[in-house]
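Note sheet for the following structure.
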Amino acid sequence: MYVYPKKYGVIVVGAGHAGVEAALASARMGCETLLLTINLDTIGQMSCNPAIGGLAKGHLTREIDALGGEMGLTTDLTGLQFRMLNTKKGPSVWAPRAQCDKKAYQFRMKWVCERQSHLDCKQGQTIRLLHEGGRVFGVETMLEVQFHAEVVVITTGTFLRGLMHVGINQQAGGRAGEAAVMGLSGSLKDVGLELGRLKTGTPPRLVRKSIDFTRCETQSGDEPVPYFTYWKEELWSQRNVHSEHSNTGGAGNPSRNSGVNLGLDMNPTPPLDLFHVEQSTSPGISQYPPGSILSQIGGQLPCYITYTSNRTRELVLANIHKSPMYSGVIEGVGPRYCPSIEDKFVRFADKEKHQIFLEPEGIHTDEIYVNGFSTCLPFEVQVEMVRSIQGCEHAEIMRPAYAVEYDFAPPTQLHPNLETKVCSNLFLAGQINGTSGYEEAGAQGLMAGINAARRVQGEAEIVLRRDQAYIGVLIDDLITKGTVEPYRMFTSRAEYRLLLRQDNADLRLSDIGHGIGLLPEHRHRRLVAKRFAIDAELKRLETTREGVDTLAQLLRRPEVSYDKLPKSDRSLSDEITQQVEIYLKYEGYIRRQEADVERFKTLEEKELPNWLNYETVQGLRTEARVKLSSGQPRTIGQASRISGVSPADISLLLVHLKKGKTSMNPAATGTQS
Amino acid sequence: MDTGYRASAPTDTIVAIATAIGEAGIAVLRISGPDAVAVGQRIFRPIGHHAQPLSGAATHTVHYGHVVRDGHEVDEVLVSIFRAPRTFTREDVVEISCHGGMLVVRRVLESVLSAGARSAEPGEFTQRAFLNGRLDLAQAEAVADLIHARTDLALTAAREQLAGRLSGRIRGLREDLMGILAHIEAHIDFPDEDISPDTREMLLHRLQKTVVFVDELLATARDGQILRRGIRAAILGRPNAGKSSLLNQLLGHDRAIVSPVPGTTRDTIEETASIRGVPVVFVDTAGLRDSTDALEQEGIRRSREAAERAELIVHVLDGHELLTEDDARRLDDYQSRPRVIVVNKSDLPRRLVLSSTCEAEAVPVSCSTGAGIELLCDTIQKRVWGGSVTAENLPVTINARHQEALHRAHEALVRTIDGLRRNDTLELPAFELRIAANAVGEIVGATSTEHLLDMIFSQFCLGK
């Protein structure tokens, strides 16, 4: 046994989408961080569809970006097709989505991690947590090497006791071609965590030359490209994917401006000018970010839409008994929003055909992802099924579809900062918490990394509220309600949807990112300038008249857009005019949601004291008593969202608390546990 | 078995009269708490060959005997034993069915109190049932109404609510709203999917149906209030016109002191009678007559006050006498108020002469023979409802909290419809519709996102 001599502040186990964000956040906040992964070649690997964003997931990605995470920038530089979804609906439910070059994405992430100061990336399989007295202090790898740290973040995705299924064939592994992690589950149980079992699946990959795309509908990307990042200038000002890079992240606090080539850093631009653009695109600025996938291919790649046929249906129904899902072999629960093709034909028997998307996985590969066709039927059935899809009559499968079962730790075992309740300084993030999707993982990873660093620094935890961010909704849902299927974000999960828009994540969150030392100074300056420009224009519109109406009044009319507004300021960037327009047009709704936020705030933030013993609360139903005792909600708001806790239970709690102030508080000076 | 609540359950034993006070027939006293059976045993003397002490009686059994106090029989009763937890309050419960009538009931109650129970606070049984996890919020409220219900019709409405009709209907409404919301959310959250949620026209159609339904629910609110609270009716008339006799006729038992000497009723007497299912609180007043007797003057002052406060005036005239000046003045004074003119003593020769308008309103009765009382009841019912109301076409009654929540839902639904008509982008009607669903959810339990997602996933084949 060897103890590695460098003591870390934070160790992140696993380098997927959660791990990468966690490690980068912690390091960027100045903590000595170790990113430990089984395989350095698969950092930030996109195990399923190489796409980022979509409804609610796009929101999460932009929030990660606004706080200082990496997912948005990497997507922008490695995307091969970008679309803004839902533009026929209102701005709160617009959603950016990008199809990425799978390899480029992962290599860029690896490279960003490698160059990040305060971050060491090492290959090694963690087999054991090191803990003592309910507190973690490091990990041990297969090679019997111990790494010690104050905080450990576990982001092992689907690898814990991963078991892959194709027909009756089973193989241990977290992802096709990669080994599962068998030992760590035991170690997690050993610290007192309960584990459950979930299932997810992925469709087959086909080779491009075997598909007849003329029989499919083409789906093109949007121009101008709807990028994810709020720091778009950096896509051009930095050299992001070639070899002589600058330090992308800045070097921790306090001198975060040490980056060599960060143009914005070196150039203290007067605030407003950043958002006043020339009418025509400035010469010399290429259409796409230098080094990006789009600049390499000079445009966007299309995706294709096609359909299953009657033959597909017949094949599925004739072979359904061979599916481990239906024969009962798979015990894990799969996601309803991502059903296998078997599920689709069985559960919606009257639907004759199902839509399938054919999506490229990269520009240096001809693998095509068959979106909507996940299955765990035997390979021989898959071959026939694929060939029953319109346009795929002669398709060759490169990689078969499979389902994977894995251990997860029901997330009700976590505090809002993503630390486990049973073991202090141990944080969990990503798919291990029962979520699905890169964006959900990245969002948790970011918050776990932030809170790990805050713990090391002795600072208070950062918990985003439900009215602040989808990230807040995500984590609050997980820790209060838990999940019985892989959890995916939907906009309908956000009660303050009109406030949590993809267009204003920076306005909502960048102050926080900056305040904790994660978001670099130059980005924050940009935010301040943006806010200033929005306010100035709003003020101008409120005070400038056209006839009897102010410009603001005119812009509030449904039929008037900023472009059509008389006396509009043509020099303002779209980013500003969009905010101004949304603010004025939806002011009434925004105000009402803000009023709701205020109304629920008192209840939402009413803390449940440590001394509260649910056994002594008169009248609580047994179910509520058990759920509250095990859930340990921090606030009345959290308590009210626990399933099995009724409004009546909450009333009883409130009554009890009122009484408790006088008589039932054995430790008025109660210590924080 | 659910035992979690026991540790924190209330420890004392309470009693209350469970049936409406003042009704004839049978009255029921309910005792609940850990000592309910012991308390019952202390006052109960069983009759019959198989008589056994209550303490050994099995649960859900009925026993015949007497309530005894200080060695004296108070009343002949049936005693029912219900042992926890399968009871209304989930505590031990003893119910004593005794004869109706104020005096008897009061004496039985006093016996129970002296045997160690304490008088229940209003709604305390319901509170215990609620605290012990026996009832949900809407049911608990229905029970409160049941407790306050004063007549059979109100009892029926309240019982039906208890049986879950209100909950059922409002739950149905909530399901409808969530179903519509699921369609809108499917449009919003799954734009790339090959699904076809309802179009705006279809959504509008469905929403309009829910608005009509909310309207119907709200329309029952006023009726529900009348049923719960009853209306106040002042009985006016000069001394000895037969006001107290009329009241006794309406109540079906002797309550007021009836005497041929004018001015016997010096105080106002309040009694509740069930008039065609409507609880009517009759306020019997001292005769309207100028008097120098100080006591009587006070009585007269009170009766005027009662008349001012009443929602219905029952003006009793003596058909055997000529119209007095006082009565003529009262007929004028209250002509614009909802009233019933009763011409009493129809069994005697008629001497009273009324104006044709008053005559048209008049209902002849005889309090000594009971003639005309049925017609009077019909007339009162018509005045109250402006039509006939029966339990059959009164599906549910809603209380003030339900009403307020439904009003909010109604407004939000109207805004949802407006938004869809205006072609607002879908997340705005969704926002309004969610307010409506949440408001309805306040009555029958919260609406959850999980529920919504369940609906979306069960209706649409989603997922790539």
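Quick mapping for you: the protein sequence lines, in order, are chains A and B.
Last residue of the first sequence: number 701 in my numbering, and the count goes up by one each step with no gaps.
Last residue of the second sequence: number 1197 in my numbering, and the count goes up by one each step with no gaps.
All C-beta atoms in this analysis are idealised placements derived from N, C-alpha and C, irrespective of residue type, glycine included.
Small disclaimer: the values here were computed from a predicted structure and weren't measured.
Residue range of the alpha helix (DSSP H) that includes His193(A): From DSSP, His193(A) is part of no alpha helix (DSSP H) but of the beta strand (DSSP E) over Leu191 to Val194.
- prompt: Alpha carbon to alpha carbon, how far is Cys244(A) from Met413(A)?
  reply: 17 Å
field: Within-8 Å CB hit, Val361(A) to chain B
entry: No, its Cβ sits nowhere closer than 8 Å to a Cβ of chain B.
Contacts of Ile921(B) in chain A (Cβ-Cβ under 8 Å): Leu83, Asn114, Lys117, Val121, Thr519 and Ser520
query: What's the gap between the Cα of Leu936(B) and the Cα of Gln581(A)?
result: One C-alpha to the other measures close to 31 Å.
Ser701(A) to Asn641(A) span [Cα, whole Å]: Bear in mind that a pLDDT of 35 at Ser701(A), under 50, signals an unreliable position, so the number given afterwards is only what the model happens to contain. Roughly 14 Å between the two C-alpha positions.
query: Would you say Arg364(A) reaches chain B, if we count a Cβ-Cβ gap shorter than 8 Å as a contact?
result: yes
Range of the contiguous alpha helix (DSSP H) that encloses Cys831(B): Premise fails: Cys831(B) lies in the beta strand (DSSP E), Val826 to His832, not in any alpha helix (DSSP H).
- prompt: Under 8 Å between C-beta atoms, does Arg375(A) make it to chain B?
  reply: Yes, its Cβ sits closer than 8 Å to a Cβ of chain B.
message: I want to see whether chain A comes within less than 8 Å of Phe1190(B), judged by CB atoms only; does it?
response: yes
- request: Use the C-beta contact count for Thr448(A): other C-beta atoms within 10 angstroms, 16 or more gives buried, fewer gives exposed.
  value: buried
- prompt: Can we say the segment 492 to 512 of chain A touches the segment 209 to 220 of chain A, given the rule of at least three CB pairs closer than 8 Å?
  reply: Flag = no, the segment 492 to 512 of chain A and the segment 209 to 220 of chain A do not touch.
- prompt: Can you name the residues of chain A whose CB is closer than 9 Å to the CB of Phe714(B)?
  reply: Residue numbering for chain B in the displayed model covers 734 to 1197; residue 714(B) lies beyond these limits and cannot be assessed.
query: By Cβ distance below 7 Å, which residues in the same chain neighbour Met702(A) in space, the five residues on each side in sequence not counted?
result: Any answer about residue 702(A) is impossible in this case: the structure gives chain A only from 29 up to 701.
Within-8 Å CB hit, Glu918(B) to chain A: yes
message: Using beta carbons (cut-off 8 Å, strictly below), is Asp931(B) in contact with chain A?
response: no
message: Going by C-alpha to C-alpha distance, which of Pro1071(B), Arg933(B) and Leu1055(B) sits closest to Ala1040(B)?
response: Pro1071(B)
Chain-ordered neighbours of Leu526(A) on chain B, where CB pairs are closer than 9 Å: Glu1160, Leu1161 and Phe1164
Where the segment 369 to 396 of chain A meets chain B: residues whose CB sits under 8 Å from a CB there: Lys372, Arg375, Phe376, Lys379, His382, Gln383 and Phe385
- prompt: Could one say the Cβ of Cys1100(B) lies closer than 8 Å to chain A's Cβ atoms, at least one of them?
  reply: no
- prompt: What does Tyr611(A) touch in chain B if you count any residue whose Cβ is under 7 Å from its own?
  reply: Result: empty, since nearest Cβ-Cβ is about 15 Å, beyond 7 Å.
Inter-stretch contact (C-beta, 8 Å, three-pair minimum) for the segment 76 to 94 of chain A and the segment 244 to 260 of chain A: yes
message: Since Arg662(A) and Glu635(A) should fall inside the 8 Å C-beta cutoff, what is the C-beta to C-beta distance between them, to a whole number of angstroms?
response: 6 Å
- prompt: Can you name the residues of chain A whose CB is closer than 8 Å to the CB of Leu936(B)?
  reply: Ordered by position in chain A, no residue passes the 8 Å Cβ test against Leu936(B), which lies about 14 Å from the chain.
query: DSSP state of Cys331(A), grouped into three classes?
result: strand
- prompt: Tell me which same chain residues have a C-beta within less than 8 Å of the C-beta of Leu263(A), skipping the five on either side of it?
  reply: Leu101, Asp104, Leu105, Tyr255, Thr257, Pro317 and Ser320
- prompt: Are the beta-carbon atoms belonging to Gln328(A) and Gly390(A) less than 8 Å from one another?
  reply: no
Residues from the segment 613 to 635 of chain A in contact with chain B, defined by Cβ distance under 7 Å: Tyr617
task: Could you check if Ala437(A) is buried or exposed, using at least 16 other CB atoms within 10 Å of its CB as the buried criterion?
output: buried
Glu1146(B): contacting residues in chain A (beta-carbon distance under 8 Å): Sequence inspection shows Leu at residue 1146(B); the Glu mentioned does not correspond to that position. Per Cβ cutoff of 8 Å: no residues; Leu1146(B) is ~16 Å from chain A at best.
task: Starting from Thr744(B), find everything on chain A with Cβ-Cβ shorter than 8 Å and list it in chain order.
output: Under the 8 Å cutoff, chain A gives no residues; its nearest Cβ is about 11 Å from Thr744(B).
task: Answer yes or no: does any C-beta atom of chain A fall closer than 8 Å to that of Leu1139(B)?
output: no
field: For Arg1072(B), the residue or residues it bridges with in DSSP
entry: Ile1046(B)
Extent of the continuous alpha helix (DSSP H) to which Thr102(A) belongs: Met99 to Thr106
message: Give me the DSSP bridge partner(s) of Met112(A).
response: In the DSSP output, where bridge partners are listed per residue, Met112(A) has Pro124(A).
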